[in-house]
Amino acid sequence: MDDPIERAKLFYEQMAFAGDNSGLAIAERELDGVEAALALARGRVMHGRFLETQREDPHELALFERAAELFRALGDGRGEGEALLWVGIFHQFIRHDNAAAVPALERSRQLVEPTGDGLMLSYVLRHLGIAEHAGGRLDTARHLLEESTRLRREAGMPAGVAANLVGLAYIALAQGRHDEAAAIVAEAGDLAAASGAHSIARQVDEVNVARASATHSLTASAPASAASRSASSSSAAASPGPPSAVK
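Under full-length UniProt numbering, the first residue of the sequence shown carries the number 1, and numbering increases by one thereafter.
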């Protein structure tokens with residue numbers, strides 16, 4: 001019998017009718033696992049509702065924190081890491097609070113890396129990269145997003161690759177790598193279209209607008225000296241920022 005609900009019923013009956021309490025601890029542990037998985041799943045659904053309505057559900061964070069607590073008690077590092085990832089996403093994406101998000105994301109990384117779950121790790125690295133980008137640490141943000149992208153390519157997740165490429169295109173613009181940004185965003189657009197990732201396609205359109213604006217600013221300024229060109233390039237590319245969508 002694999003269903004933990006039915007097993008819990010059986011263990012109860014063993015206690016009630018035979019005085020055998022040996023299964024109660026097993027039932028409690030298995031039900032904690034069910035509760036943890038359910039809390040995580042329900043929290044994700046609430047996050048989906050936020051994406052639909054842009055209204056925060058006050059129960060979402062509590063569900064992710066409860067899942068993390070239960071997985072931790074069970075010694076399930078991967079489960080705890082996934083729950084903490086969502087704690088971090090909640091703070092970053094809904095509350096716009098990277099100071100609260102990063103500790104959860106860093107702990108998630110510590111827990112997920114040893115499991116070999118590359119796809120899960122790609123999410124953690126993506127959101128750490130978003131935090132670094134928001135903090136102006138562009139080289140670190142680029143490294144994290146590139147590693148996340150590599151893992152997503154290996155996992156066969158083209159929509160996720162496209163989402164990361166949008167962020168990498170913004171970083172390239174901010175660093176004055178305009179030709180590279182054009183190539184990155186072109187690939188992002190192709191992948192988004194091929195995978196039916198319509199929300200990512202809209203982000204591609206937005207980064208193309210930012211790229212066109214930065215290119216126009218550089219062309220219009222036409223500075224006379226190499227030093228002026230460098231300063232103008234940095235200034236013109238400084239404004240584009242990363243999308244913080246959960247992808």
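For glycine and all other residues, C-beta sits at the position ideal for the given N, C-alpha and C.
Query	Result
Buried or exposed: which applies to glycine 135, given that a residue is buried once 16 or more other Cβ atoms fall within 10 Å of its Cβ?	exposed
Below 8 Å between beta carbons: does that hold for alanine 81 and serine 122?	The question names alanine, but residue 81 is glycine in the sequence shown. Not in contact: glycine 81 and serine 122 (Cβ atoms no closer than 8 Å).
Determine the extent of the alpha helix (DSSP H) in which threonine 53 is found, giving its start and end residues.	24-53
Return yes when the Cβ of alanine 169 is within less than 8 Å of the Cβ of valine 185, no when it is not.	yes
Kindly list the residues whose CB is nearer than 8 Å to the CB of leucine 74, restricted to its own chain and excluding five residues on each side of it in sequence; keep chain order.	Arg29, Asp32, Gly33 and Ala36
Kindly indicate which three-state DSSP category glutamine 175 falls into: helix, strand or coil?	coil
Where asparagine 98 and histidine 133 are concerned, what is the direct C-alpha to C-alpha distance, given to the nearest angstrom?	11 Å
By DSSP, does proline 4 sit in helix, in strand, or in coil?	helix
On the premise that leucine 165 lies in contact with glutamate 187, defined as a C-beta separation below 8 Å, what is that separation, rounded to the nearest angstrom?	6 Å
Applying the 10 Å Cβ sphere with the 16-neighbour rule, what's the burial state of lysine 9?	exposed
Just how far apart, CA to CA, sit glutamine 14 and arginine 7?	10 Å
Could you check if valine 45 is buried or exposed, using at least 16 other CB atoms within 10 Å of its CB as the buried criterion?	exposed
Just to confirm my understanding: we take valine 102, look at its own chain, exclude 5 residues before and 5 after, and list those with CB closer than 6 Å. What are they?	Ala131
Between the stretch 59-68 and the stretch 83-97, can you find at least three pairs of beta-carbon atoms closer than 8 Å?	yes
Return the chain-ordered list of same chain residues with a C-beta closer than 8 Å to the C-beta of glycine 118, the five sequence neighbours on each side being excluded.	Leu151, Glu154 and Ala155
Give a yes or no on whether the C-beta atoms belonging to glycine 176 and leucine 145 are separated by under 8 Å.	no
Taking the alpha carbon of serine 217 as the point to measure from, which residue in Glu147, His178, Val204 and Asp57 has its own alpha carbon closest?	His178
Look up glutamate 56 in the DSSP assignment and say whether it is helix, strand or coil.	coil
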